[in-house]
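Okay, so here's the structure we're looking at.
Protein chains: 2
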Amino acid sequence: MTTDPIPSAAPSLARLVQELHKLPGIGPKSAQRLAYYLIRLPEEEAFALADAINGAKRNIVFCQECQNLSDSPLCGICAESQRNREQICVVEDPLDVLALERSHCYHGLYHVLHGVISPLNGVGPDQLKLKELYERLGNGQVKELVIATNPTLEGEATAMYIRRHLAGTDLKITHLARGLPVGGSLEYTDELTLSRAFQGRQEL
Amino acid sequence: MTTDPIPSAAPSLARLVQELHKLPGIGPKSAQRLAYYLIRLPEEEAFALADAINGAKRNIVFCQECQNLSDSPLCGICAESQRNREQICVVEDPLDVLALERSHCYHGLYHVLHGVISPLNGVGPDQLKLKELYERLGNGQVKELVIATNPTLEGEATAMYIRRHLAGTDLKITHLARGLPVGGSLEYTDELTLSRAFQGRQEL
Chain W
1 MTTDPIPSAA
11 PSLARLVQEL
21 HKLPGIGPKS
31 AQRLAYYLIR
41 LPEEEAFALA
51 DAINGAKRNI
61 VFCQECQNLS
71 DSPLCGICAE
81 SQRNREQICV
91 VEDPLDVLAL
101 ERSHCYHGLY
111 HVLHGVISPL
121 NGVGPDQLKL
131 KELYERLGNG
141 QVKELVIATN
151 PTLEGEATAM
161 YIRRHLAGTD
171 LKITHLARGL
181 PVGGSLEYTD
191 ELTLSRAFQG
201 RQEL
Chain C
205 MTTDPIPSAA
215 PSLARLVQEL
225 HKLPGIGPKS
235 AQRLAYYLIR
245 LPEEEAFALA
255 DAINGAKRNI
265 VFCQECQNLS
275 DSPLCGICAE
285 SQRNREQICV
295 VEDPLDVLAL
305 ERSHCYHGLY
315 HVLHGVISPL
325 NGVGPDQLKL
335 KELYERLGNG
345 QVKELVIATN
355 PTLEGEATAM
365 YIRRHLAGTD
375 LKITHLARGL
385 PVGGSLEYTD
395 ELTLSRAFQG
405 RQEL
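So the sequence lines, in the order shown, correspond to chains W and C.
Residue 204 in my numbering sits at position 204 of the first sequence, and the numbers go up by one each step.
Residue 244 in my numbering sits at position 40 of the second sequence, and the numbers go up by one each step.
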């Protein structure tokens, strides 16, 4: 829409379409459809969305411990007293915390890096929340660091970087197993995953 | 998200995800991704979207003539002096006006019904902007009514309803040609479209 403005649409409508079109995954047609949908909504519902955007933007801060997004200085997970404080799981993104929480497989704390080392995109270690991670590890309470960056080139490189930085400490550093996704099939698994699954084979 | 609330997400974030998830075509995953995207945006850009929603909701009214969405009592098209005021094109939706305007094939006025007659969905003629259409036709300036409802069952029924209501007047009532879409192929055209294209064949 930015390149092809709507002819003869009302200005405030055109502006709404333009703003919606900026969102990731929202093309010009979807932006139009969403805009008309919002205009047809009862006032309080449309205002609720605008409010939610403003509210989230105003209230969300980084948790002072794990750097996850939070409404309060200490996030819900860090504030939970039942959490195992001897484990920290390092993830790239707040969405990764949600994914792990949904799996109910982990009950320790998290640390959100907010990115990965990616020289091509100009992201170096200093842009990540690594300083905050090393500070947390300083008090000696943490026994295991589970590095759960994505199994991509950049995720692996970031994991390596952290492992190297912490070499020599008596911290146990692990990463998530690579292997066949549950429900997948050997036939459609790529070679790299297959070889990792083979290397990591376990006794039945 | 409404049925499966995010565990341990910040409340204002969860609320934003919930509001986004209400939009048509935005599933729970997209809502999450959009919410995190919005939170990462520079403040002024996120506020711009919220503003655009509020602004559109506050400023948009129905054009007093054609009932299209407009920022002012008379919309841009109705206010244009070069328009042919002897033709009115009846469409279901504001988006249809945009589509026709983009084709640059029509230079008359429009009338937006804001729906079609659809007994199954409880929409009768009274819910549409038909009274306003008949009023506009009352002054005798209009010579042709182009009914451009969608070529669907409900669109055709609405067209028929309007034609029947205006029977006996000396108004020329037309509808858009049915036929092969440009760039389509005979092989993949459905039987109904093909038979309409055959019936409407034109001399070369």
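Yeah, the Cβ is synthetic: ideal placement off N, Cα and C, and Gly gets one too.
All values reported here derive from a predicted model rather than from experimental measurement.
Burial state of residue i, where buried means 16 or more other Cβ atoms lie within 10 Å
| i | result |
| --- | --- |
| Tyr240/C | buried |
| Asn288/C | exposed |
| His315/C | buried |
| Cys309/C | exposed |
| Ser195/W | exposed |
| Val415/C | For residue 415/C there is no data in the structure shown, the boundaries of chain C being 205 and 408. |
| Glu187/W | exposed |
| Pro298/C | buried |
| Ala214/C | buried |
| Gly138/W | exposed |
| Val386/C | exposed |
| Gln82/W | exposed |
| Asp374/C | exposed |
| Lys333/C | buried |
| Glu256/C | Sequence check: residue 256/C is Ala here, not Glu. So Ala256/C counts as buried. |
| Gln236/C | buried |
| Leu242/C | buried |
| Leu192/W | exposed |
| Leu98/W | buried |
| Leu120/W | exposed |
Own chain, CB closer than 6 Å to residue i, minus 5 neighbours either side, in chain order
| i | result |
| --- | --- |
| Arg15/W | none |
| Pro277/C | Gln268 |
| Leu69/W | Ile60, Pro94 |
| Leu380/C | Ala352 |
| Leu100/W | Tyr106 |
| Lys335/C | none |
| Leu337/C | His315 |
| Ile292/C | Leu313, His315, Val346, Leu349 |
Integer Cβ distance of residue i from residue j, believed to fall under 8 Å
| i | j | result |
| --- | --- | --- |
| Thr378/C | Glu407/C | With 8 Å as the limit, Thr378/C and Glu407/C do not qualify as a contact, their Cβ atoms being about 19 Å apart. |
| Glu43/W | Lys261/C | 6 Å |
| Ile264/C | Ser12/W | 6 Å |
| Thr169/C | Ile321/C | With chain C represented from 205 up to 408, any question about residue 169/C goes unanswered, as that position is not in the structure. |
| Tyr270/C | Leu313/C | What sits at residue 270/C in the sequence shown is Cys, not Tyr. Indeed they touch by this definition, with Cβ atoms about 6 Å apart. |
| Leu23/W | Leu238/C | 6 Å |
Sequence-distant residues of the same chain with beta carbon closer than 7 Å to residue i, five excluded per side
| i | result |
| --- | --- |
| Gln345/C | Arg289, Glu290 |
| Asn150/W | Glu92 |
| Gln127/W | Gly115 |
| Gly259/C | none |
| Glu358/C | Val320, Ile321, Ser322 |
| Glu45/W | none |
| Leu20/W | Ile26, Ala31, Leu34, Ala35 |
| Ser185/W | none |
Beta-ladder partner(s) of residue i, from DSSP
| i | result |
| --- | --- |
| Val294/C | His315/C, Ile351/C |
| Ile173/W | Leu145/W |
| Asn84/W | Gly108/W |
| Ser70/W | Val61/W |
| Ser118/W | Val123/W |
Contact set for residue i: own chain, Cβ-Cβ below 8 Å, skip 5 residues either direction
| i | result |
| --- | --- |
| Val163/W | Reading off the sequence shown, one finds Arg at residue 163/W, where the question assumed Val. Cβ neighbours of Arg163/W beyond the five flanking positions: Ile147, Ile173. |
| Ala401/C | Arg382, Gly383, Leu384, Thr393 |
| Asp71/W | Asn59, Ile60, Val61 |
| Glu156/W | Thr149 |
| Gly404/C | Ala381, Arg382, Gly383 |
| Gly328/C | Ile321 |
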